[in-house]
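Okay, so here's the structure we're looking at.
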Amino acid sequence: MSQINRYDNRLGIWGWLGGGRWGAERYAYILHRITGLGILFYFLLHIVVTSLRAKGIYLWAGHGFLHQPIFEFAEYVVFAAFAYHACNGIRLVLVELGFAVGKPIEPVYPYKTSLNVQRPLLVCMMILTAVFLAIGGYAALIE
Amino acid sequence: MPGISNAARLITFHVTRYNPETDGAPYLKTYAVPVREGMTVLEGLHYIKDNLDSTLAWRYSCRMGICGSCGMFLNGRPGLACNTQILHIADANLTVAPLPNFEIIRDLVPDLWTMFDKHRSIKPYILRINEAEINDPAGEFYQSPQQLESYLQFTYCIKCGCCMAACPTLATDARYLGPMPLTAAQRYNADTRDEGRRERNALTGTSTGVFRCHYAGECSRACPKGVDPARALQLLKRRLVLDYLHLARRIKRCEKLHGPGQGKLLPDIAAAPKGTVG
Ligand code: HEM
Ligand code: SF4
Ligand code: SF4
Ligand code: FES
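Note that the protein sequences, when read in sequence, are chains P and A.
When the first sequence is numbered by my numbering, its final residue is 143 and no position is left out of the sequence of numbers.
When the second sequence is numbered by my numbering, its final residue is 278 and no position is left out of the sequence of numbers.
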């Protein structure tokens, strides 16, 4: 008998990140992970930069290295990531504790799922994020 | 009502082919299929098998959305070949691939074994503390319509695996139990006849269990039966958290009725007709 192979068809990272035709919650999930990891990376960087003062290096003092426009902008991106992560995180806490998914129902076509139940919460949280971004952007510009 | 057109339109099927004895990796093969309004993907595959290429393999049985055999990846989304109409999802091209996140046995046939193994592991049946009661029942359990509704939706699962193919967590971690088995766990946990929740918690609450779900919601979007696995999983999480904190409200378990023929008859109900057989 000839050899029988099996093909492992797991999607891997592509299945996590891509695929294309997915819904809003899927993108919220991807962005939540990216922003979470981003803030974590920022924290690590933050520790490195601030600990440099032990060696007498103050990258942020006066018109120092960190006051170039690119870093000012990056700071805003970190703020934006945090605003999104926190707002969406509150939605996830509510949803994953079973508060915003509704009760089990008889499935009647066209199906309505828990996604429809929590969608208004998602919209509210995104509006809240936008408000934070606007306030933060305004505060950064007038500074 | 708009008239149904009988004119056939040519749709190019891009079908994944894989022969386990000769191919190292799957490849795409295209077939031109004349499609009429109302034709399902399953009918399209039959057309190919009958007229163009008899070697094509796929799995199906009921052709009416009941058996759960024909789950496939249609234009990049999981769905049943038998309840997906071609013209609803394609105007010129249609990709037909086996469900991802499973091994491919041949062509469009995925190996659902990993899903069934996980399903079995969560004990998808009524567990009672008193085992003798199940093996030697003296009556039936009473359950109110409200109690039935608390899990009924999750019983409609046909184990097609579409949700498993859609889940981004399963795409990167094969050990995750996945939406179908965890939905089954919630289905039995919420059943007032069942007393096995704590036993299942030991599995559903682990690092391969329900907390790997991040509510991307793809399972519920993919499910052809409206089972809403994402809802089941969040309710399962809630219960696990409450159990962990010892805050869970005690659900009143089913009371047993007396055995057949021993119940009290309501007045004004006519006697049953005489048996006509035997
Ligand atoms: C108000 C503040 C925050 C809230 C409400 C919040 C909420 C959450 C929630 C609910 C999750 C779980 C999401 C899920 O189940 O998919 C999560 C994940 C995560 N968070 Fe936060 N978070 C906050 C701040 C932070 C901060 C400051 C960091 C960085 C140090 C961070 C990094 C992460 C990471 C890396 C994940 C994992 C993402 C994943 O696996 O998908 N979070 N956050
Ligand atoms: S809601 Fe949970 S189980 Fe369903 S697809 Fe998303 S991560 Fe997977
Ligand atoms: S929950 Fe839905 S998609 Fe998943 S196996 Fe059951 S019927 Fe299929
Ligand atoms: S053939 Fe049975 S579900 Fe499609």
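We put the beta carbon where it would ideally sit given N, CA and C, even for glycine.
What is the residue span of the beta strand (DSSP E) that residue i lies within?
i: His14(A); result: Arg9 to Arg17
i: Tyr42(P); result: Tyr42(P) -> not in any beta strand (DSSP E); alpha helix (DSSP H) instead, spanning Ala24 to Ser51.
i: Tyr31(A); result: Tyr27 to Val35
i: Leu80(A); result: Arg77 to Leu80
i: Asn93(A); result: Asn93 to Pro98
i: Gly217(A); result: It is not in any beta strand (DSSP E) - Gly217(A) carries neither H nor E in the DSSP assignment.
i: Met39(A); result: Taken as a continuous stretch (DSSP letters only), Met39(A) belongs to no beta strand (DSSP E), as it is neither H nor E.
i: Leu87(A); result: Premise fails: Leu87(A) lies in the alpha helix (DSSP H), Ile86 to Ile89, not in any beta strand (DSSP E).
i: Glu255(A); result: Segment: none, Glu255(A) is in no beta strand (DSSP E) and carries neither H nor E.
i: Ile158(A); result: Element bounds for Ile158(A): n/a, residue is neither H nor E.
i: Glu103(A); result: Glu103 to Arg106
i: Leu74(A); result: Gly71 to Leu74
Which chain A residues sit within Cβ distance under 8 Å of residue i?
i: Gly12(P); result: Ala171 and Thr172
i: Glu115(P); result: For clarity, residue 115(P) is Leu in the given sequence; the question names Glu instead. Under the 8 Å cutoff, chain A gives Gly217, Ser220, Arg221 and Ala230.
i: Val101(P); result: Ala230, Arg231, Gln234 and Leu235
Residue i CB to nearest chain D CB: under 8 Å?
i: Ile104(A); result: Of the chains in the structure shown, none is chain D; the protein chains are P and A.
List the residues of chain P that residue i touches, going by C-beta distances under 8 Å, in chain order.
i: Gln153(A); result: Pro104, Ile105, Glu106 and Pro107
i: Pro98(A); result: Asn9
i: Val241(A); result: Leu97
i: Ser150(A); result: Lys103 and Pro104
i: Asn51(A); result: Per Cβ cutoff of 8 Å: no residues; Asn51(A) is ~27 Å from chain P at best.
i: Asn279(A); result: With chain A covering only 1 through 278, there is no way to say anything about residue 279(A).
i: Thr25(A); result: For clarity, residue 25(A) is Ala in the given sequence; the question names Thr instead. The answer, in chain order, is Tyr7.
Closer than 9 Å by beta-carbon distance: list the chain P residues that pair up with residue i, in chain order.
i: Ser69(A); result: Per Cβ cutoff of 9 Å: no residues; Ser69(A) is ~17 Å from chain P at best.
i: Lys237(A); result: Glu96, Leu97 and Gly98
i: Ala92(A); result: By Cβ distance, chain P contributes nothing, its closest Cβ being about 17 Å from Ala92(A), past 9 Å.
i: Pro310(A); result: A query on residue 310(A) cannot be resolved here, the shown segment of chain A reaching from 1 to 278 and no further.
i: Pro110(A); result: Asn9
Measure the beta-carbon distance from residue i to residue j and round it to whole angstroms, keeping in mind my assumption that it falls under 8 Å.
i: His119(A); j: Tyr29(P); result: The pair is not a contact, with the Cβ atoms about 25 Å apart (cut-off 8 Å).
i: Ala81(A); j: Leu45(A); result: 7 Å
i: Leu74(A); j: Leu99(A); result: About 10 Å separates the two Cβ atoms, so there is no contact after all.
i: Asn9(P); j: Glu21(A); result: Asn9(P) to Glu21(A), Cβ: 17 Å. No contact.
i: Cys254(A); j: Thr192(A); result: 5 Å
i: His85(P); j: His32(P); result: 6 Å
i: Pro168(A); j: Trp16(P); result: 5 Å
i: Met203(A); j: Ser121(A); result: Per the sequence presented here, residue 203(A) reads as Leu, with Met not at that position. The Cβ separation is near 6 Å, so the contact holds.
i: Val96(A); j: Met115(A); result: 20 Å between Cβ atoms; not a contact.
i: Leu152(A); j: Glu106(P); result: 7 Å
i: Leu42(A); j: Arg59(A); result: No, Leu42(A) and Arg59(A) are not in contact; Cβ-Cβ is about 11 Å, not under 8 Å.
i: His14(A); j: Thr40(A); result: Actually they do not touch by this definition, with Cβ atoms about 17 Å apart.
i: Leu127(A); j: Glu195(A); result: 6 Å
i: Pro34(A); j: Leu52(A); result: Contact doesn't hold; Cβ gap of about 11 Å is too wide.
i: Pro26(A); j: Thr12(A); result: With 8 Å as the limit, Pro26(A) and Thr12(A) do not qualify as a contact, their Cβ atoms being about 18 Å apart.
i: Ala358(A); j: Asn101(A); result: Because chain A in this structure spans residues 1 to 278, residue 358(A) falls outside the shown range and cannot be described.
i: Lys159(A); j: Gly68(A); result: 5 Å
i: Ala185(A); j: Arg200(A); result: 5 Å
Would residue i and residue j be called neighbours here (beta carbons separated by less than 8 Å)?
i: Arg238(A); j: Leu122(P); result: no
i: Thr208(A); j: Tyr244(A); result: no
i: Gly139(A); j: Glu25(P); result: no
i: Gly136(P); j: Ala61(P); result: no
i: Ala222(A); j: Pro78(A); result: yes
i: Leu124(A); j: Tyr188(A); result: Reading the sequence as shown, one finds Pro at residue 124(A) and not Leu. Yes.
i: Leu247(A); j: Val210(A); result: no
i: Gln85(A); j: Gly38(A); result: yes
i: Ser220(A); j: Thr113(P); result: yes
i: Val101(P); j: Arg106(A); result: no
i: Leu133(P); j: Ala80(P); result: yes
i: Tyr111(P); j: Gly65(A); result: no
i: Lys256(A); j: Phe141(A); result: yes
i: Thr129(P); j: Cys87(P); result: yes
i: Leu11(P); j: Ala171(A); result: yes
Going along chain A, which residues have a C-beta under 7 Å from residue i?
i: Ile4(P); result: Pro20 and Glu21
i: Tyr111(P); result: Gly226
i: Leu92(P); result: Tyr215
Looking at the unbroken alpha helix (DSSP H) that takes in residue i, where does it start and where does it end?
i: Asp243(A); result: Pro229 to Tyr244
i: Pro110(A); result: Not the alpha helix (DSSP H): Pro110(A) falls in the beta strand (DSSP E), residues Val109 to Asp111.
i: Met125(P); result: Ser114 to Ile142
i: Leu152(A); result: Pro145 to Leu152
i: Phe71(P); result: Pro69 to Glu96
i: Met164(A); result: Cys162 to Ala166
i: Met180(A); result: Pro179 to Asn189
Please list, in chain order, the chain A residues whose beta carbon lies closer than 9 Å to that of residue i.
i: Gly36(P); result: Ordered by position in chain A, no residue passes the 9 Å Cβ test against Gly36(P), which lies about 11 Å from the chain.
i: Tyr58(P); result: Those within 9 Å of Tyr58(P) in chain A number zero; the least Cβ separation is about 40 Å.
Name, please, each residue of chain P whose Cβ falls closer than 7 Å to the Cβ of residue i.
i: Tyr156(A); result: Pro107
i: Asp144(A); result: For clarity, residue 144(A) is Ser in the given sequence; the question names Asp instead. Those within 7 Å of Ser144(A) in chain P number zero; the least Cβ separation is about 15 Å.
i: Ala57(A); result: Within chain P, no residue comes near Ala57(A); the closest Cβ sits about 13 Å away, beyond 7 Å.
For ligand 4, residues whose Cβ lies under 7 Å from any non-hydrogen atom: Leu42(A), Tyr60(A), Ser61(A), Cys62(A), Arg63(A), Met64(A), Gly65(A), Ile66(A), Cys67(A), Gly68(A), Ser69(A), Cys70(A), Leu80(A), Ala81(A), Cys82(A), Asn83(A), Ile158(A) and Cys160(A)
Any heavy atom of ligand 1 nearer than 7 Å to the CB - residues listed: Tyr29(P), His32(P), Arg33(P), Gly36(P), Leu37(P), Ile39(P), Leu40(P), Phe43(P), Phe82(P), His85(P), Ala86(P), Gly89(P), Ile90(P), Leu92(P), Val93(P), Glu96(P), His214(A) and Tyr215(A)
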